[in-house]
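S.K.: Using the numbering used here, the letters of the sequence shown correspond one by one to residues 1412 to 1631.
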Amino acid sequence: MGGFGNESNNIAFENGLFNLIIVHLCQCSREMRDTCKATGNGLYNHEDKITNRLVANHLNFNDLKLKFILQSPEMFIADEDNYRGRCDIKVVSSNWFNNENDYYLVECKRIDGGSYLNRQFVSEGIARFVVSPPKYPSYHKRNIMFGYVVQAINIPENTAKIDQLQGELLIGVISGNILLVNNESAEFYQYSCLYQSGTIDSIELDYLFYDFSCVIQYNT
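#1: Given a threshold of 16 other Cβ atoms within 10 Å of its Cβ, counted over all protein chains shown, does P1544 qualify as buried or as exposed?
#2: Considering only residues of the same chain and omitting the five flanking positions on each side of S1534, which have a CB-CB separation below 7 angstroms?
#3: Using the rule of at least 16 other Cβ atoms within 10 Å of the residue's Cβ for burial, across every protein chain shown, is K1552 buried or exposed?
#4: Check A1423 in the structure and name its three-state DSSP category.
#5: Candidates C1604, A1489, N1593 and V1434: which alpha carbon is nearest A1538's?
#6: Between N1594 and I1433, what straight-line distance do the alpha-carbon atoms span, to the nearest angstrom?
#7: Quick check: the Cα distance between D1513 and C1498, rounded to an integer number of angstroms?
#8: Using a Cβ-Cβ cut-off of 8 angstroms (strictly less than) and excluding sequence neighbours within five positions of I1582, which residues of its own chain qualify?
#9: Between the segment 1479 to 1490 and the segment 1518 to 1529, do at least 3 Cβ pairs fall closer than 8 angstroms?
#10: Do T1610 and C1387 have their beta-carbon atoms positioned less than 7 angstroms apart in this structure?
#11: Among residues of its own chain, excluding the 5 on either side of S1440, which ones have a beta-carbon nearer than 6 angstroms to its beta-carbon?
#12: For N1426, count neighbouring Cβ atoms within 10 angstroms of its own Cβ and tell me buried if that reaches 16, exposed if not.
#13: Using 7 angstroms as the threshold, is the C-beta distance between I1566 and Y1600 below it?
#14: Give me, in chain order, the residues of the same chain whose beta-carbon lies closer than 7 angstroms to that of P1484; leave out the 5 immediate sequence neighbours on both sides.
#15: Over the uninterrupted alpha helix (DSSP H) stretch that includes D1499, give me the two end residues.
#16: Measure the Cβ-Cβ separation of N1510 and K1572 and say whether it is below 7 angstroms.
#17: Short of 8 angstroms in beta carbon distance, which residues of its chain neighbour Y1629, apart from the five on each side in sequence? Order them along the chain.
#18: Could you name the residues of the same chain whose beta carbon sits closer than 7 angstroms to that of L1475, not counting the 5 residues immediately before and after it, in chain order?
#19: For the candidate residues S1613, I1500, L1616 and D1445, whose alpha-carbon lies nearest to that of Q1482?
#20: Where does the unbroken alpha helix (DSSP H) through V1541 begin, and where does it stop?
#21: Ends of the alpha helix (DSSP H) at Y1527?
#22: Report the rounded CA-to-CA distance for K1448 versus M1556, giving the unit in angstroms.
Take a look at the structure:
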């Protein structure tokens, strides 16, 4: 998130950093799932508790000079003394101390293949970045939606269902096609989608879906 004098170098740096964040999210998710299997300490079927463990035990143990901050208040409204939104994870580098707008956001949602959580992924996740007035900023014109897959499902089929919901739930926003970027066997998928409106201009959201279904505990 640092700056170079040459604009093309800045773009290349930001692209590399954004991809590095995604790789780190995937690696830490695999590490957390494997630890759950090895110890028998499964994950609660609860979005915030999954996020808390991922950040506390995995994401912030890195050599990337990045900090993953939980429950970040966003978009201060001065005449209300309130924040418009509160994002699950803010990702900052040392450059954040020079420019407090220079960061990425990760909004986390559970996915089980059902209609309710799919609608939540769109209306209480994607919409926070793209529907006017946005609850979350997009300083670099790209951010991340992270779907915790808590039941064994066909992720590509479910992503197609999410795609169909966008036109219904994202009022005043033009959404592009959801494109597959990467997948690791059947446990991890990365997609990308562009959004446009008069308020946000154009931003990209990358969707990450990681399959935690084998380590979710349902009896507590």
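For glycine and all other residues, C-beta sits at the position ideal for the given N, C-alpha and C.
M.R.: Looking at the coordinates:
#1: Taking the sequence shown and counting its residues from 1, the one referred to as residue 1544 is at position 133. Classification of P1544: exposed, given that the 10 Å Cβ count is below 16.
#2: For this step, residue 1534 is matched to residue 123 along the sequence shown. Exclusion of the five residues before and after S1534 leaves L1580 as the residues of its chain whose Cβ lies within less than 7 angstroms of its Cβ.
#3: Taking the sequence shown and counting its residues from 1, the one referred to as residue 1552 is at position 141. K1552 should be labelled exposed.
#4: Counted from its first residue, the sequence shown places residue 1423 at position 12. Residue confidence for A1423 is low, a pLDDT of 49 falling below 50, so the modelled location carries little weight and cannot support an answer.
#5: Residue numbering aside, residue 1538 sits at position 127 when the sequence shown is read from its first letter. Checking every option, the nearest Cα to that of A1538 belongs to C1604.
#6: Numbered from its first residue, the sequence shown carries residue 1594 at position 183. Numbered from its first residue, the sequence shown carries residue 1433 at position 22. Each residue's CA atom was taken as its position, placing N1594 and I1433 some 12 angstroms apart.
#7: Counting from 1 along the sequence shown, the entry for residue 1513 is found at position 102. Counting from 1 along the sequence shown, the entry for residue 1498 is found at position 87. Put simply, the backbone Cα of D1513 is about 15 angstroms away from that of C1498.
#8: Your numbering for residue 1582 matches position 171 in the sequence shown. Cβ neighbours of I1582 within its own chain (closer than 8 angstroms, five residues either side excluded): V1542.
#9: Contact fails: fewer than three Cβ-Cβ distances are below 8 angstroms.
#10: There is no way to answer for residue 1387, as the model of the chain reaches only from 1412 to 1631.
#11: Within the sequence shown, residue 1440 is the residue found at index 29, counting from 1. If we look at S1440 and ignore the five residues flanking it on each side, its Cβ neighbours are Y1621.
#12: Counted from its first residue, the sequence shown places residue 1426 at position 15. By the 10 Å Cβ count, N1426 comes out exposed.
#13: Here residue 1566 refers to the residue found at position 155 of the sequence shown. Here residue 1600 refers to the residue found at position 189 of the sequence shown. The beta carbons of I1566 and Y1600 sit closer together than 7 angstroms.
#14: Translated into the one-based positions of the sequence shown, residue 1484 becomes position 73. So the list reads Y1494 and R1497, once near-sequence residues are dropped.
#15: On the sequence shown, residue 1499 is found 88 positions in, with the first residue counted as 1. Boundaries around D1499 are those of the beta strand (DSSP E), N1493 to S1504, since no alpha helix (DSSP H) includes it.
#16: In the sequence shown, the residue the question calls residue 1510 occupies position 99. In the sequence shown, the residue the question calls residue 1572 occupies position 161. No, they are not a contact pair.
#17: What you label residue 1629 is simply residue 218 of the sequence shown in a count that begins at 1. The beta carbon of Y1629 sits closer than 8 angstroms to those of N1456, all from its chain and outside the five residues before and after it, given in chain order.
#18: By one-based count along the sequence shown, residue 1475 stands at place 64. Closer than 7 angstroms at the Cβ level, and outside the excluded window around L1475, lie L1431 and H1435.
#19: Within the sequence shown, numbered from 1, the residue matching residue 1482 stands at position 71. Nearest option by C-alpha distance: I1500.
#20: Indexing the sequence shown from 1 puts residue 1541 at position 130. Unbroken alpha helix (DSSP H) run through V1541: A1538 to V1541.
#21: Numbered from 1 along the sequence shown, position 116 holds the residue referred to as residue 1527. Note, Y1527: alpha helix (DSSP H), S1526 to F1532.
#22: As a working note, residue 1448 is residue 37 in the sequence shown. As a working note, residue 1556 is residue 145 in the sequence shown. Roughly 25 angstroms between the two C-alpha positions.
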